[in-house]
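Everything on this sheet refers to the single structure shown next.
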Amino acid sequence: MDAEKPDKNGLLDVLILDSAAFIKRAPLRNLAKRYVTTASVLLELKDSATKAYAKNLPITVKTDEPDKEDIQFVTKLAKETCDFIGLSSTDTEILALVYKYYKSIHGTEPQIKKITFPSSSDSEKQRHEKPVEEEVDESEESDHDSGVDWISADNFDEKAAHNFGLSEFHESGTCVLDASNAPRVACMTTDYSMQNCLLMMGCGIVSVDGMLVKQPTYRVLYCVGCFRVSKENDVFFCPGCGYPSLRRIPATTREDGSVELHFNPNYKPRLKGLRQPIKAPEGGKHAVNPIYCKDQRIPEQRMPKPKNKIQLLASNGTLTMEEEDDLLDEYEKEAACLNDDLEFTFAVNDITSRATNLGIHSMKDHPNSRFTHGQFHGLRATRGRAHIPKPQHRRK
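In UniProt numbering, the protein residues as written are 1 to 396.
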């Protein structure tokens, strides 16, 4: 088979699977030659039924990890399209894996599409124009009502394939892609932010249950608290008021360079978890409090200072008197209460402090920017019911 042409049967070379492919039980047979996912996607499968389904698939799903350069490219693209705040680390790895296989199969990098917006004059004409009502004969009505656009048992496979992002079905009922328009690398996902990035990269999308984005969109971050448009697309808090009240609003660039925002009149804010009062803030250097603003003080979560500056030595056997005299002086031996025979099988570590019980063993897990004066913590805001205090059960 030629390396520049798709398969004659319309099969994909590689299909990258998101967690929605396993959760929604998507039909995966006869879609691609290879099926690839990441280890983080398999970790997202929590219930036993989904895990059993993923383990007993009739196809072989291999795991692969993207490179660091691929993740950087996808992150930069997601920031430009304002989809970065809607992507998790697993979503970013899936997009980077699609980008990796696209380069390896096609031999070139994907061309980023430029979004073309209609001019302001055309949009105003379409807005003010009213449809002309024409008299329709009964014969014309009968022609249009012939049942072509209706979903029936005869055309159900065709309609389902069209909604899935596929093109046609075999006679046996297994869905395949059209050989003429089939991409060679595609991703199966229901996340709209991921689909928007895939459309910008020019990669294929295989949807589940008809959840498919057909046209890429450009969005800006708009604060519903202070009514300010953020110039940065990779922030979680408003640069003006500092609160997590940012919304992604579709925007249109006019001919004069101004930006027009398209608000949804039927938008309903998410009120989950707002009826219950928030829990009282905790004190101490190991407090875990909800995140409400970008300049909120975060505990440093440091290890405690050692109470004794003398570091006990560990060896595989017994230290001789000569080794003891070379390594320790008289004051150190008295302070450490050491005998003549020093025998340590394991190294002496801190196992009683609160930091150790919380799993804090080093400062490598926490960036230094959080402890610098004037820097922001870089964390996301607390969502859902995470800020609600847990009910305390009384002892009987």
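All C-beta atoms, glycine included, are put in the ideal place defined by N, C-alpha and C.
CA nearest to the CA of residue i, picked from the options
| i | options | result |
| --- | --- | --- |
| Ser294 | Tyr243, Asp191, Tyr101, Arg275 | Rather than Ser, the amino acid found at residue 294 in this sequence is Lys. It is Tyr243 whose Cα lies nearest to the Cα of Lys294. |
| Glu65 | Val41, Tyr53, Ala52, Ile59 | Val41 |
| Leu221 | Met211, Val259, Glu255 | Val259 |
| Gly284 | Arg219, Arg302, Gly273 | Arg302 |
| Pro58 | Pro27, Cys82, Gly86 | Pro27 |
| Val235 | Asn56, Thr75, Val61 | Thr75 |
| Glu282 | Arg297, Val213, Val61 | Arg297 |
| Leu43 | Tyr35, Ala54, Lys279 | Ala54 |
| Tyr35 | Arg25, Val61, Asn56 | Val61 |
| residue 429 | Gly257, Lys103, Leu274 | Summary: the structure shown does not reach residue 429, with the chain confined to residues 1 through 396, and so no result is reported for it. |
| Lys33 | Ile105, Thr356, Gln215 | Ile105 |
Beta-carbon separation (whole angstroms), residue i vs residue j, contact threshold 8 angstroms
| i | j | result |
| --- | --- | --- |
| Pro304 | His286 | That pair is no contact at about 10 angstroms. |
| Ala96 | Ile71 | 5 angstroms |
| Leu358 | Ile291 | That belief does not hold up - the Cβ atoms of Leu358 and Ile291 are roughly 18 angstroms apart, past 8 angstroms. |
| Thr38 | Glu93 | 5 angstroms |
| Asp91 | Asp191 | 6 angstroms |
| Leu31 | Leu45 | Actually they do not touch by this definition, with Cβ atoms about 20 angstroms apart. |
| Cys187 | Leu198 | 6 angstroms |
| Ser248 | Arg219 | The residue you asked about is not Ser; residue 248 is Arg in the sequence shown. Correct: roughly 4 angstroms between the Cβ atoms. |
| Tyr101 | Val208 | In fact, because the Cβ distance is near 20 angstroms, the residues do not count as touching under 8 angstroms. |
| Leu15 | Val206 | 7 angstroms |
| Asn233 | Cys82 | 4 angstroms |
| Gly202 | Pro110 | 5 angstroms |
Buried versus exposed, by CB contacts within 10 Å (16 or more), residue i
| i | result |
| --- | --- |
| Gln195 | buried |
| Gly204 | buried |
| Phe84 | buried |
| Leu17 | buried |
| Ala52 | exposed |
| Thr63 | exposed |
| Tyr267 | exposed |
| Ser88 | exposed |
| Val288 | exposed |
| Thr189 | buried |
| Phe22 | buried |
| Pro353 | Looking at the sequence itself, residue 353 is Ser, so the reference to Pro does not match. With fewer than 16 other Cβ atoms within 10 Å, it is exposed. |
| Ser19 | buried |
| Ser193 | buried |
Contacting residues, own chain, Cβ-Cβ under 7 angstroms from residue i (five flanking each side not counted)
| i | result |
| --- | --- |
| Asn238 | A quick correction: the sequence has Cys, not Asn, at residue 238. So the qualifying residues of the chain are Cys223, Gly225, Cys226, Arg228, Ser230, Ser245, Leu246. |
| Ile360 | Gln301, Met303 |
Reduced DSSP secondary structure (H/G/I, E/B, other) of residue i
| i | result |
| --- | --- |
| Leu15 | strand |
| Met303 | coil |
| Arg248 | strand |
| Cys197 | helix |
| Leu221 | strand |
| Val74 | helix |
| Arg34 | strand |
| Glu65 | coil |
| Ala287 | coil |
| Val41 | helix |
| Ala186 | strand |
| Tyr192 | helix |
| Leu261 | strand |
| Gly359 | coil |
| Ser353 | coil |
| Ser230 | strand |
| Gly204 | strand |
| Ala314 | For Ala314, the predicted structure reports a pLDDT of 48, less than 50, and the residue's modelled location is therefore unreliable. The matter cannot be settled from this model. |
| Thr90 | helix |
| Glu171 | Note that Glu171 has pLDDT 37, beneath the 50 cutoff, so the model's placement of it is unreliable and the number below is only indicative. DSSP places Glu171 in coil when its eight states are reduced to three. |
| Thr108 | coil |
| Thr81 | coil |
| Thr253 | strand |
| Val213 | coil |
| Ala20 | helix |
| Tyr102 | helix |
Residue i at chain D interface by Cβ criterion, 8 angstroms
| i | result |
| --- | --- |
| Ala96 | Included in the structure is just one protein chain, with no chain D present. |
Own chain residues within Cβ distance below 8 angstroms of residue i, not counting five before or after
| i | result |
| --- | --- |
| Thr382 | Pro290, Ile291, Tyr292 |
| Phe73 | Ala96, Tyr99 |
| Lys24 | Thr190, Val208, Asp209 |
Close-in-space but distant-in-sequence residues of the same chain around residue i (CB under 6 angstroms, 5 per side omitted)
| i | result |
| --- | --- |
| Cys241 | Gly225, Cys226 |
| Pro250 | Thr217, Arg219, His262 |
| Thr108 | none |
Cβ-heavy atom distance, residue i to the ligand GTP, below 7 angstroms
| i | result |
| --- | --- |
| Ile278 | The ligand GTP is absent from the structure shown, which contains no ligands of any kind. |
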